[in-house]
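Asks: Let me give you the structure first, and then I'll get to my questions.
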Amino acid sequence: MSAAPDHTPTMARMSFGERLAPHAPVLLVVGLMLLGFIAIPATSSWLTLTVSGLAMGMMIFIMASGLTLVFGLMDVINFGHGAFVSVGAFVGVSFLLMLEHMTGASSLMLNLTALMVAIIGAMAATGLMGWAFEKVIVKPVYGHHLKQILVTMGGLIVVEQLIIVLWGPEEIYITRPEALKGAITFAGAALEKYRLVAVAVGIVVFAGMRFVLRRTKIGLIVRAGVENGEMVEALGYRLRLVFVGVFIAGSALAGLGGVLWGLYQEVITAHMGNQTMILVFIVVIIGGLGSVEGCFIGALLVGLMQNYVAFLEPKVALISNIGLMVAILMWRPMGMIPVVKAK
Amino acid sequence: MSDPILKLDGVYTNIAQYHILQGVNLEVPRGQVTMLLGRNGVGKTTTLRSIIGHWRAHNGAILFDGQDITKLPTPAIARLGIGFVPEDMGIFADLTVEENMILAAVSGPINQARLQWLFTVFPALETFWKKEAGTLSGGQKQMLSIARAMIEERLLYLIDEPTKGLAPAIITTMARAVKELKTQGASILLVEQNFAVAKALGDTANVMDDGRMIWSGQMSELATDAALQEQLMGLSVESE
Amino acid sequence: MLTKLLSGDMPRSKVLAVVLIGILFCLAFAPFLFPGVRSVDTAARICVFIVLVASYDLLLGFGGIVSFAHTMFFGLGAYGVALASTHMGRGFDALIVGALAGAGLAALLALAIGLFSLRVRAIFFAMITLAVASAVAVLVSQLSGLTGGEDGLSFKIPRALGPAFKFADGEILGVKANGKLLKYYLVFGSCLVLFLLMLRIVHSPFGRVLLAIRENDFRAEAIGYRVVHYRVAATCLSAAIAALAGALYAIWLRYVGPDTTLSMEIMIDILLMVVIGGMGTMYGAVIGATLFVLAQNYLQGLMDVAGGAVSALPILPELLNADRWLLWLGVLFILSVYFFPTGIVGRLRQTKST
């Protein structure tokens, strides 16, 4: 046995605040809910707003998760990520419009099948597009942030315009599948069915991602790669392949987010991706670039904040999220869950 | 000696505009511990990084087991059977010790027999198995880093300053680990500043200065010649 | 004399020199050379955009920072003039107060954003500016009581700058000697001064430190320059000048609205002009803005013709539709970042040196 000085952190000596610190981000979500509860007069409206806030947060998380991982893994910042959201929405909605006989029927099974088809189609399309985007747009500018921002922004413009070429310049209105219309009443609050579905999908995606990242070897490679890619390669893993995989998965998730967001808004435009990117950027910044957990918590905060404030004072809803970002960056300049980089 | 496991032939490596390696020649014989010595900043770490492919040699050739690996990507080089322990240890701080080791077992699940053997070499590893690697002490991190390289049987181990800043007791553990690897038949290229350790472990020695190899020979020869040490490394390391 | 005026930055390429002199000449005598309303309008637009794009180049080309809030600063100046003229009544004092207030506010806002994001990471800046600029654009359209919302604000400028004002009898070289002419020269003169000022800034010691930071921020920091301070200062300067350009644009149009100043499209236009003209050269802004504004005004018509010519084919007419002008610009933009990162000016200077 070596005589190495054993470094056992002694819990007893940590103050209450220190023990709380790692959980602070989660507590922040709870705190915001409480704050909303106090500020909003009727409990039923609070419940409605909380559910829509969570639904919105989940959708933003789904869109943002790929972006944050791609950055963490290869230090690539993709300003064109919103393009996948738009394309996902357009492909998904096209499928739904084709399957109108299924979405219009009052059978939940048929509705969900149509929705699944739309989601799979959208994710396949955006995944494929992500693969091409990585190859053509991103790969030549590795390691060069300035060019990455410019080129991916250019890619976004081109994709948005191509959507207009293919689908026309008009916005497309879409109604939700029959069984997902309307709301259920719970404790006097009207909870839209669709938002509950969005929350459920968000939880499933988050749980799935956590499982992959924590319990599979690929996940370990991704997490280790975020920290020290060079060492992962020195162990013998082809990080570039993993990265391309993550890029594709992230693009597909953005596509899924696009479908969900389109059905949530019930209207889609070519610019919707770029518009959602505003919230997505706020989320990845306050979460800590590269952190999936931070992204999740950040998304919930943003979703709740947006809904509470929109109810209380509609005009400052978007500004309130900027305020949230400022406050969080003052507290933790690298975001709530900062990612430690080896270099 | 018969064909070396690793051979560097006139390797030049630039980092940005700096010419760090200026024609390094090096042979690592099979089954031996080869020391790479020299003052700070003469290119020892760059030599190891050029071998594993983190930095690219722009001139010269690196032959591993007879194969030219100069232009191979890092993962391919590693998979030919090279274990690498970098100077900064390259620990994945967010991952547990266990996860670090699972990752290090590139070819599949961890070989349990080998793991048990590693636990005898580094008992601390078993104690902290479920802990996040970032919370370990410096010495424990260094053990993890070396254990990570050792979890798979490899032909060659590149180890960069394993004793830097460590307490004497841990240095003893490190030295034992290197010896264990050697008895298993592996070849080792070791960068070391601590001359006492180098003397105890090394079979052959190579001394670098200013991006070149200025002396190569038997460790025993260097160890007994204080004047030569003075001349090569510019300081009397013996006195430490 | 000339060298001093240009702060020692000679074009260093014969072609470039000829083109620059040509542009200067055309803009200086635009009302006489191209007397139509539309062409003088185009010339004024070119003047304003040269300053706007050059101020962006100060940030992108010299500071190495990508901002998406430049239209916000541009808009601050424009709205400043419009609001001041609305509330203080028409007059030069209102124009000056509005422009200075807009520039001051822009610098202050830039300071806040810069301190927040640049302290941590330069890429935060790009994301945060995008978020803030979009939020401000939304806010401006929502606060319609103050800003006129989507419709924007029309306002009165001093009579001396209006077409009814005659400062001399009859015509000069066939052009009516009225306030409109004065207004053009107000815009042209101010833009020229602002541009020369920016040339001076980038060739001052401050500008050289910025360049050193862009090349290698670690080294600049190691030598002892506080990288963050320099970057934030560049951001503030650039924002203030963009606001002044916005003020001039508002004066020229006698109108301000989200579409003319705040929209994402204009932000993208600015990016295109800088990259195509040549980042980090200043003169690139002149070439980029001129080419782009001309193309925007005259090339779109050409695309319509081309689209009409292939109308029988599938998809192709859609691609060539004048509304799809951004599509081709996007492609051009990506290609120029890859293959001509130094833009037209960089290219011209290169061919000369080899």
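Residue numbers (our numbering), protein chains in the order written: chain D, 3 to 345; chain Z, 117 to 356; chain R, 738 to 1091.
Ideal Cβ positions, reconstructed from N, Cα and C, are used throughout, including at glycine.
(1) By the 10 Å Cβ neighbour count, where 16 or more other Cβ atoms means buried, how is residue 11 of chain D classified, buried or exposed?
(2) Taking residue 247 of chain Z as part of the beta strand (DSSP E), name the residues at either end of that continuous run.
(3) Give the secondary structure of residue 303 of chain Z by DSSP, where H, G and I count as helix, E and B as strand, and everything else as coil.
(4) Looking only at its chain, what residues have a beta carbon closer than 6 Å to the beta carbon of residue 905 of chain R, apart from the 5 residues adjacent to it on each side?
(5) Quick one: grab the DSSP three-state call for residue 121 of chain D.
(6) Hey, could you find the ends of the beta strand (DSSP E) residue 339 of chain Z is sitting in?
(7) Leaving out the 5 sequence neighbours to the left and right, which residues in its chain are closer than 8 Å to residue 268 of chain D when beta-carbon positions are compared?
(8) Leaving out five residues before and five after residue 314 of chain D in sequence, what residues of the same chain have Cβ atoms less than 8 Å from its Cβ?
(9) Between the segment 310–318 of chain Z and the segment 239–255 of chain Z, are three or more C-beta pairs nearer than 8 Å?
(10) For a contact defined as C-beta to C-beta under 8 Å, what are the partners of residue 863 of chain R on chain D?
(11) Give the range of the alpha helix (DSSP H) segment to which residue 267 of chain D is assigned.
(12) Using beta-carbon positions only, say whether residue 30 of chain D and residue 303 of chain D come within less than 8 Å of one another.
(13) At least one CB of chain R closer than 8 Å to the CB of residue 231 of chain D: is that the case?
(14) Span of the beta strand (DSSP E) holding residue 142 of chain Z?
(15) Does any residue of chain Z have a CB that is nearer than 8 Å to the CB of residue 7 of chain D?
(16) Do the CB positions of residue 924 of chain R and residue 989 of chain R come within less than 8 Å of each other?
(17) Compare the C-beta of residue 328 of chain D against all C-beta atoms of chain R and say whether one is closer than 8 Å.
(18) Strictly by DSSP, which residues pair up with residue 199 of chain Z?
(19) For the 8 Å Cβ check, are there 3 or more pairs between the segment 142–159 of chain D and the segment 65–82 of chain D?
(20) Can you find at least 3 beta carbon pairs, one from the segment 187–194 of chain Z and one from the segment 331–351 of chain Z, that sit closer than 8 Å?
(21) Short of 6 Å in beta carbon distance, which residues of its chain neighbour residue 896 of chain R, apart from the five on each side in sequence? Order them along the chain.
(22) With a threshold of 16 other CB atoms inside 10 Å of the CB of residue 852 of chain R, please say whether the residue is buried or exposed.
(23) Within a Cβ cutoff of 7 Å, which residues of the same chain sit near residue 296 of chain Z, ignoring the five residues on either side of it in sequence?
(24) Please name the residue in R:795, R:798, R:936 and R:882 whose C-alpha comes closest to that of residue 741 of chain R.
(25) Verify the CB distance criterion: does residue 163 of chain D have a CB-CB separation below 8 Å to chain R?
(26) Any Cβ of chain D within less than 8 Å of the Cβ of residue 1033 of chain R?
(27) Which bits of chain R does residue 317 of chain D rub up against, with CB to CB less than 8 Å?
(28) When you compare the CB of residue 3 of chain D with every CB in chain Z, is at least one pair closer than 8 Å?
(29) Please classify residue 188 of chain D: does DSSP put it in a helix, a strand, or coil?
(30) When you compare the CB of residue 13 of chain D with every CB in chain R, is at least one pair closer than 8 Å?
(31) How about residue 166 of chain Z and residue 177 of chain Z: are their beta carbons less than 8 Å apart?
(32) Can you confirm whether residue 1075 of chain R, when its beta carbon is compared against all beta carbons of chain D, has any partner nearer than 8 Å?
(33) With respect to the beta strand (DSSP E) encompassing residue 178 of chain Z, which residues constitute its N-terminal and C-terminal limits?
(34) Just the Cα atoms here: how many angstroms apart are residue 88 of chain D and residue 875 of chain R?
(35) Return the CA-CA distance between residue 8 of chain D and residue 225 of chain D, expressed in angstroms with no decimal places.
(36) Check residue 914 of chain R in the structure and name its three-state DSSP category.
Replies: Checking against the coordinates, here is how it stands:
(1) In this predicted model, residue 11 of chain D has a pLDDT of only 47, less than 50, meaning its place in the structure is not dependable; the value taken from the coordinates is given anyway. Exposed: under 16 other Cβ atoms inside 10 Å.
(2) Neither: residue 247 of chain Z is in no beta strand (DSSP E) and is coded neither H nor E.
(3) Three-state DSSP puts residue 303 of chain Z in a strand.
(4) 914, listed in sequence order.
(5) In the structure shown, residue 121 of chain D adopts helical secondary structure according to DSSP, grouped into three states.
(6) First-last for residue 339 of chain Z: 335–340, but that is the alpha helix (DSSP H), not the beta strand (DSSP E).
(7) Residues 175, 176, 177 and 178 of the same chain have their beta carbon placed closer than 8 Å to that of residue 268 of chain D, with the five preceding and five following residues left out of the count.
(8) Within the same chain, and ignoring the five residues on either side of residue 314 of chain D in sequence, the residues whose Cβ sits closer than 8 Å to its Cβ are 41 and 42.
(9) Output reads no: the segment 239–255 of chain Z does not touch the segment 310–318 of chain Z.
(10) For the C-beta of residue 863 of chain R, the chain D residues within less than 8 Å are, from N- to C-terminus, 79, 81 and 151.
(11) In the DSSP assignment, residue 267 of chain D falls within the unbroken alpha helix (DSSP H) covering 241–267.
(12) Taking C-beta atoms as the reference points, residue 30 of chain D and residue 303 of chain D count as a pair closer than 8 Å.
(13) False, the Cβ-Cβ gap to chain R never drops below 8 Å.
(14) Here the beta strand (DSSP E) through residue 142 of chain Z covers 134–144.
(15) Residue confidence for residue 7 of chain D is low, a pLDDT of 48 falling below 50, so the modelled location carries little weight; the figure read from the coordinates is stated next. Cβ-Cβ to chain Z under 8 Å: yes for residue 7 of chain D.
(16) Yes. Within cutoff.
(17) The Cβ of residue 328 of chain D sits closer than 8 Å to at least one Cβ of chain R.
(18) As a beta-bridge residue in DSSP terms, residue 199 of chain Z pairs with Z:273.
(19) The answer is yes - the segment 65–82 of chain D touches the segment 142–159 of chain D, with three or more Cβ pairs under 8 Å.
(20) Contact annotation: the segment 187–194 of chain Z does not touch the segment 331–351 of chain Z, with fewer than three C-beta pairs closer than 8 Å.
(21) Excluding residues within five positions, the ones whose Cβ falls inside 6 Å are 902.
(22) With fewer than 16 neighbouring CB atoms inside 10 Å of its own CB, residue 852 of chain R falls in the exposed class.
(23) The answer, listed in chain order, is 237.
(24) The shortest Cα separation from residue 741 of chain R among R:795, R:798, R:936 and R:882 belongs to R:936.
(25) Yes, residue 163 of chain D counts as interfacial toward chain R.
(26) Cβ-Cβ to chain D under 8 Å: no for residue 1033 of chain R.
(27) Within chain R, the C-beta atoms nearer than 8 Å to that of residue 317 of chain D come from 876, 879 and 880, in chain order.
(28) Below a pLDDT of 50, predicted positions are generally treated as unreliable, and residue 3 of chain D, at 40, falls in that range; no measurement from the model is reported.
(29) Residue state, collapsed to three classes: strand.
(30) For residue 13 of chain D, the pLDDT reaches just 47, beneath the cut-off of 50, and the residue's location in the model is therefore unreliable, although a value from the coordinates is still provided. Contact of residue 13 of chain D with chain R is not assigned, every C-beta pair being separated by 8 Å or more.
(31) Result no, Cβ atoms of residue 166 of chain Z and residue 177 of chain Z do not sit closer than 8 Å.
(32) Yes, its Cβ sits closer than 8 Å to a Cβ of chain D.
(33) Unbroken beta strand (DSSP E) run through residue 178 of chain Z: 173–180.
(34) Using only the alpha carbons, I get a separation of about 20 Å.
(35) Its pLDDT being 48, under 50, residue 8 of chain D is placed unreliably by the model, and nothing is read from it.
(36) In the three-state reduction of the DSSP assignment, residue 914 of chain R falls in the strand class, which pools E and B.
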